[in-house]
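In this note's numbering, each residue's number is its place in the sequence shown (first place is 1) plus 14.
A virtual CB, placed ideally from N, CA and C, is assigned to each residue, including glycine.
Each remark here refers to the structure printed beneath this line.
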Amino acid sequence: MRASPADLRALLSPRSIAVVGASADPNKAGGMPIRLLRENGYAGALYPVHRTADEIQGLTAHASLDAIGSPVDLAVVAVPAAECEIVMEQMARCGTRAAVMFTSGFAEVSEEGVRRQRRLGEIARDNGIALLGPNCLGAMNLHERVFATFSPVVLGDAPAAGTVGLVSQSGAFGGYAFALARRAGIGIGHWITTGNEAGVQVADAIAWLAGEPSCQSILAYLEGARDMDRLRDALLAARQAGKPVAMVKVGHTAVGAQAAKLHTGSDTGDAAEYRRLFDACGVRSVRTISELFSAPVAREQLKVRTQQLPVAIFSISGGVGIMMADRAEELGLALPPLLDDAARRLKNAIPFASTINPIDVTGQVFSRPTVLVQALRDAATCGRYRYVAVFLAAAGNAPGVWPLLQECIAQLRTDPSAAKLVLSGILTDEQTAWLHANGCATFAEPAEAIEAVARR
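Structure follows, in structure tokens:
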């Protein structure tokens, strides 16, 4: 069943929000949405849901959705994968009309995960619930101060709403694009990350924005469409509404396609078919994040390496890692997987991390920075790589990350056998100066980090 603009209104303009799996820690996935909604002026009712707590972040907590006793438009879900079906059944009983599911561990990890994800989608469709995710970073409507996300990208300073809609299958890609758009002076009004797409797809979000009066243009990141006809209809609707669409489509190389399968379970499809679709629908197709916000620039024609240089792509965003991997394969760089011992350590810490290269440590590192630095140290010292191209997004400014990262980089610098680091992300001037002084090149655009390695 195709979602319509009316279906997504409860998701993007809810009058009431429940956070299921609410946390008293405002930096955790179940705590950040409550913090953002309260600090940034959400005017609707807000209900923390926790099985045992009486109070969460100053609000009365409820043992379940059933226990709230009032209608809930949107449920934000931050519980383990094994509990998600129970929560979806509660939504169906209570008449909840939309859900944002942060939880990972579904189609991106196993066939059993595929089955459980399919079941979530069935419950959503049978009960008219607009389901965003699972394995997504959520959504924001800055016009109505709705922050159904655990991304810290608006923490402390949510900007005024703009007229641009940003839609991304990858949460961290979407978060980083939001930050770069803000730096470029581009106002985002709606921000939607779709993750594994058990319910709402990129196409549905584009279609909704095509009919939303406050949106005038659309930026999008896509790994693969689950329904090409649905995507075509959405892009044509945007064109008919006079709303230009710019699209980053990743996974056009073999390594990128493999990484996308492990990231959101997406089939990236045939690159030529997507090019024909975008041309027919008037979509501006771009290759980098920065080109989303400006006209594509003539990129340097780098020579493809005939002697492959072994590189690790190390990313907190599966989506950006795929984009970097596409560029690395185009330039003839080798991307061997992480060694077994290091891979086991990372998997033990974050079971849904990817160790094949691109190495995706996921957004979990925002709350577990020690995992980030241990995995980075393992990659740089395992002896398999000459360079490690690191995408940090905004992790360098997350609580507790930067001091540990400095310590790790300083230690690596004393080891002549360690791989050299090239970093991209949102960094302060002071952080950039420190990194340069310690032998690390830095870039705002992740693709430029890969190109810098290819030149060496």
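Assigned secondary structure, Lys-275 (DSSP; H/G/I helix, E/B strand, else coil): In the sequence shown, the residue the question calls residue 275 occupies position 261. Lys-275 falls in the helix class under three-state DSSP.
C-alpha gap between Leu-233 and Ala-67, whole angstroms: Within the sequence shown, residue 233 is the residue found at index 219, counting from 1. Within the sequence shown, residue 67 is the residue found at index 53, counting from 1. Leu-233 and Ala-67: Cα-Cα distance of roughly 40 Å.
In this structure, does DSSP put Ser-18 in helix, strand or coil? Residue mapping note: residue 18 aligns to position 4 of the sequence shown, counting from 1. In this prediction, Ser-18 has a pLDDT of 47, which is less than 50 and means its spatial position is unreliable; what the coordinates show is noted afterwards. Secondary structure of Ser-18 (DSSP, three-state): coil.
Check whether the Cβ atoms of Tyr-190 and Ile-303 sit closer than 8 Å, and answer yes or no. One-based indexing of the sequence shown puts residue 190 at position 176. One-based indexing of the sequence shown puts residue 303 at position 289. Against a cut-off of 8 Å, the Cβ pair of Ile-303 and Tyr-190 comes out as a contact.
Report yes if the C-beta distance between Glu-237 and Ser-280 is below 8 Å; otherwise report no. Working through the sequence shown from its first residue, we reach residue 237 at position 223. Working through the sequence shown from its first residue, we reach residue 280 at position 266. Yes, the pair counts as a contact, with Cβ atoms nearer than the cut-off.
Decide yes or no for the touch test of the region 44 to 53 against the region 414 to 427: beta carbon pairs closer than 8 Å, at least 3 of them. no
Count the C-beta pairs between the region 339 to 351 and the region 438 to 453 that are closer than 8 Å, then say yes if the count reaches three, no if not. no
In angstroms, rounded to a whole number, what distance separates the CA positions of Glu-465 and Ala-403? Counting from 1 along the sequence shown, the entry for residue 465 is found at position 451. Counting from 1 along the sequence shown, the entry for residue 403 is found at position 389. Cα to Cα, Glu-465 sits roughly 10 Å from Ala-403.
Might you give, ordered along the chain, the residues of its own chain that have their beta carbon closer than 7 Å to the beta carbon of Ile-202, omitting 5 neighbours on each side? The sequence position of residue 202 within the sequence shown is 188, counting from 1. Closer than 7 Å at the Cβ level, and outside the excluded window around Ile-202, lie Leu-156, Gly-176, Val-178, Leu-180, Phe-192 and Ala-195.
Where the beta strand (DSSP E) through Tyr-399 begins and ends: Translated into the one-based positions of the sequence shown, residue 399 becomes position 385. If you look at Tyr-399, you'll find it isn't in any beta strand (DSSP E); DSSP assigns it neither H nor E.
Determine the extent of the alpha helix (DSSP H) in which Asn-362 is found, giving its start and end residues. Taking the sequence shown and counting its residues from 1, one reaches residue 362 at position 348. Note, Asn-362: alpha helix (DSSP H), 354 to 363.
Length at least 4, wholly inside the region 76 to 152: the alpha helix (DSSP H) runs in chain order: 98 to 108 and 125 to 140
Taking the DSSP output, what are the residues bridged to Leu-437? Position 423 of the sequence shown, counted from the first residue, corresponds to residue 437. Its beta-bridge partners are Val-404 and Thr-456.
Just grab the DSSP bridge partners of Thr-74 for me. Position 60 of the sequence shown, counting from 1, holds the residue named residue 74. In the DSSP output, where bridge partners are listed per residue, Thr-74 has Glu-69.
From Glu-226 to His-204, what distance separates their C-alpha atoms? Your numbering for residue 226 matches position 212 in the sequence shown. Your numbering for residue 204 matches position 190 in the sequence shown. Going from the Cα of Glu-226 to the Cα of His-204 covers about 10 Å.
First and last residue of the beta strand (DSSP E) that includes Ala-193? Taking the sequence shown and counting its residues from 1, one reaches residue 193 at position 179. Element bounds for Ala-193: not the beta strand (DSSP E) but the alpha helix (DSSP H), 185 to 197.
What did DSSP end up calling Phe-161 once you bin it into helix, strand or coil? Start at 1 with the first residue of the sequence shown, and residue 161 comes out as number 147. Three-state DSSP puts Phe-161 in a strand.
Nonlocal neighbours in the same chain, by C-beta distance under 7 Å from Ser-331, ignoring five residues either side: For the purposes of this step, residue 331 is identified with residue 317 of the sequence shown, where counting begins at 1. Contacts found: Ser-184, Ala-186, Phe-187, Tyr-190, Phe-405 and Ala-407.
Anyone know if the C-beta pair for Leu-145 and Gly-58 falls short of 8 Å? For the purposes of this step, residue 145 is taken as the residue at position 131 of the sequence shown. For the purposes of this step, residue 58 is taken as the residue at position 44 of the sequence shown. No, the Cβ-Cβ distance between Leu-145 and Gly-58 is not below 8 Å.
Checking the sheet assignment: what are the DSSP bridge partners for Thr-207? Start at 1 with the first residue of the sequence shown, and residue 207 comes out as number 193. Thr-207 pairs with Ser-182.
Any idea if Asn-13 is buried or exposed, counting beta-carbon neighbours within 10 angstroms, 16 or more meaning buried? Within the shown structure, residues of the chain are numbered from 15 to 470, placing residue 13 beyond reach of any answer.
Determine whether the Cβ of Tyr-235 lies closer than 8 Å to any Cβ atom of chain C. In summary, chain C is missing from the structure at hand, where a single protein chain is found.
Span separating the alpha-carbon of Ile-373 from that of Pro-351: Start at 1 with the first residue of the sequence shown, and residue 373 comes out as number 359. Start at 1 with the first residue of the sequence shown, and residue 351 comes out as number 337. Between Ile-373 and Pro-351, the C-alpha separation is close to 8 Å.
Beta-ladder partner(s) of Asn-155, from DSSP: Counting from 1 along the sequence shown, the entry for residue 155 is found at position 141. Paired residues: Val-160 and His-204.
Just the C-alpha distance for Ser-30 and Cys-150, rounded to the nearest angstrom, thanks. For this step, residue 30 is matched to residue 16 along the sequence shown. For this step, residue 150 is matched to residue 136 along the sequence shown. Answer to the nearest angstrom: the Cα atoms are 20 Å apart.
Using DSSP with H/G/I as helix, E/B as strand and the rest coil, what is Arg-8? Residue 8 is absent from the model: the chain starts at 15 and stops at 470.
Checking 8 Å against the spacing of the C-beta atoms, do Leu-291 and Met-242 come in under that value? By one-based count along the sequence shown, residue 291 stands at place 277. By one-based count along the sequence shown, residue 242 stands at place 228. Result yes, Cβ atoms of Leu-291 and Met-242 sit closer than 8 Å.
So, with DSSP's three-state summary, where would you put Arg-290? Start at 1 with the first residue of the sequence shown, and residue 290 comes out as number 276. Note: Arg-290 maps to helix in three-state DSSP.
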